[in-house]
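Okay, structure first, notes after.
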Amino acid sequence: MRNGAKSRRKRKDKWGNRMAIIGITLVVGSLAVVVNIRSATLREKAQEYEARYDSLQAQYDQELERSAKLEEERVYVQTKQYIEKIAKEKLGMVKEDEILLKPSNPQ
């Protein structure tokens, strides 16, 4: 082979190596951009999920408080004191030993 052919071949090989390096660099750069965009999207979703979790946790706490109040009311409704109160207020009933005084109408 001649010196000129070797020189052309080396240039061709160098050009091919450079193109391969440029191609690999572009692929790696593209992957870096895609990963960065995807990670930003995932961070946003994580923030949304955290806000939703906080909201649901607050709702859960409210429901626990409501449940405790309802349980207290359920226990109170079953007492004799409550039954007597309702009998007096809604039904107008009195105990046997109670005296009912009605105010007179001044007209």
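Numbered per the working numbering, the sequence shown finishes at 115, counting up by one with no gaps.
We put the beta carbon where it would ideally sit given N, CA and C, even for glycine.
Can the beta-carbon of residue i be found less than 8 Å from the beta-carbon of residue j?
i      : j     : result
Val102 : Lys96 : yes
Helix or strand or just coil, what does DSSP make of residue i?
i      : result
Ile107 : coil
Asn44  : helix
Asn113 : coil
Gly100 : coil
What residues in its chain sit with their C-beta under 8 Å from that of residue i, if we drop five residues either side in the sequence?
i     : result
Tyr90 : Tyr84
Could you tell me which uninterrupted beta strand (DSSP E) segments, each at least 3 residues in length, are contained entirely in the stretch 47-93, listed from first to last along the chain?
-> none
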